Amino acid sequence: MSTQKYIMTVLALTIFIGFTDCSNHTGGNPQAGKIIADSSSTQQTHSSTTDSLKLQKDELTKIYTQAIAEFIKAVYQKDKITFDTLYFGKHVYGQPDDFPDIELPETIEKVQIRLVSPEVGQKKQAERKSLVYVNMMGWVDKEKAEFLLVVFINGGEHQYDYFINFNYNSSTKEFDLYKIEFENYLHSDGQKPKRITIYKDGKYVGSN
3 MSTQKYIMTV LALTIFIGFT DCSNHTGGNP QAGKIIADSS STQQTHSSTT
53 DSLKLQKDEL TKIYTQAIAE FIKAVYQKDK ITFDTLYFGK HVYGQPDDFP
103 DIELPETIEK VQIRLVSPEV GQKKQAERKS LVYVNMMGWV DKEKAEFLLV
153 VFINGGEHQY DYFINFNYNS STKEFDLYKI EFENYLHSDG QKPKRITIYK
203 DGKYVGSN
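So in this note's numbering, spot 142 of the sequence shown is number 144, and the numbers just go up one at a time.
Shown next, in the form of structure tokens:
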């Protein structure tokens with residue numbers, strides 16, 4: 003056998019052994035398993051997993067959208083303020099309160115919704131004083147959902163905070179509004195403002 007043929011034979015055997023080793027290795031990268039799997043049962047399992055993840059993302063999108071809708075309605079109910087556009091910061095810093103990997107509807111309660119990075123949000127606030135920027139944080143589980151919406155205006159001035167709480171209704175399989183609280187930072191003089199309950203058990207109770 004010539005040297006060239008010998009080298010090609012060894013190389014082919016090495017590649018074959020390498021593929022065989024990857025195929026038999028069950029504790030490695032799940033992406034490798036996904037690439038080499040070709041049975042119908044494995045494909046069905048992967049499809050079910052994808053559907054499950056999609057469902058979770060859909061549920062998160064729904065409750066975040068619901069929270070924003072309640073915020074818009076609460077602001078109008080309390081101060082008769084309407085918005086043309088709201089900018090929400092998509093902050094992702096590896097923290098539990100990071101904004102989830104979801105896309106918000108283009109409009110909620112007839113208000114234009116824009117999801118931007120904090121850097122873009124900061125730049126836009128500097129360019130336009132009237133722009134309303136919201137840093138939204140959420141904690142959602144099977145029993146309740148809690149949101150904090152920190153609102154900035156006037157080029158990045160901290161204006162107020164809204165705390166929106168939902169309870170999960172197992173009968174309707176929906177989240178019901180429980181309570182909305184409000185803190186006004188506009189005239190706080192650097193002090194922690196009083197937290198005021200404006201919705202209780204899903205009903206508006208005033209702002210005093």
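Think of the CB as a built atom: it goes at the ideal place given N, C-alpha and C, for glycine as much as any other residue. The structure presented is a predicted model; accordingly, all values stated were derived computationally and were not measured.
Beta bridge counterpart(s) of residue i as assigned by DSSP
i, result
"G91", "V118"
"N137", "V152"
"K147", "It is Ala, not Lys, that sits at residue 147 in the sequence shown. Answer is V142, F168, bridged to A147."
"I110", "V113"
Under the three-state DSSP convention, the category residue i falls into
i, result
"D203", "coil"
"R197", "coil"
"D191", "coil"
"D163", "strand"
"K181", "strand"
"T63", "helix"
"E176", "strand"
"D103", "coil"
Pick from the options that is closest to residue i, judged by C-alpha positions
i, options, result
"F177", "N167, P107, N186, E183", "N167"
"S172", "Y95, Y187, E145", "E145"
"F149", "E121, Y135, I155, Y164", "Y164"
"T199", "Y162, N156, I182, I155", "I182"
"Q114", "L62, V134, Q127", "V134"
"Y66", "T109, K194, Q193, D81", "T109"
"N169", "E105, V207, W141", "W141"
"L106", "P120, A71, H189", "A71"
"S190", "E159, D60, Y95, E111", "E159"
"G157", "Q127, D143, K175, A147", "Q127"
"D103", "K125, D143, D60, Q79", "D60"
"F73", "K112, K175, T174, P98", "K112"
"E185", "L62, A76, Q58, Q97", "A76"
"T63", "Q124, L188, F101, K175", "F101"
Cβ-Cβ separation, residue j to residue i (assumed contact under 8 Å), whole Å
i, j, result
"T87", "R116", "6 Å"
"F90", "M138", "6 Å"
"V136", "V153", "5 Å"
"V118", "K92", "7 Å"
"G204", "L179", "4 Å"
Short CB-CB distance (under 7 Å) between residue i and chain B
i, result
"T84", "In summary, chain B is missing from the structure at hand, where a single protein chain is found."
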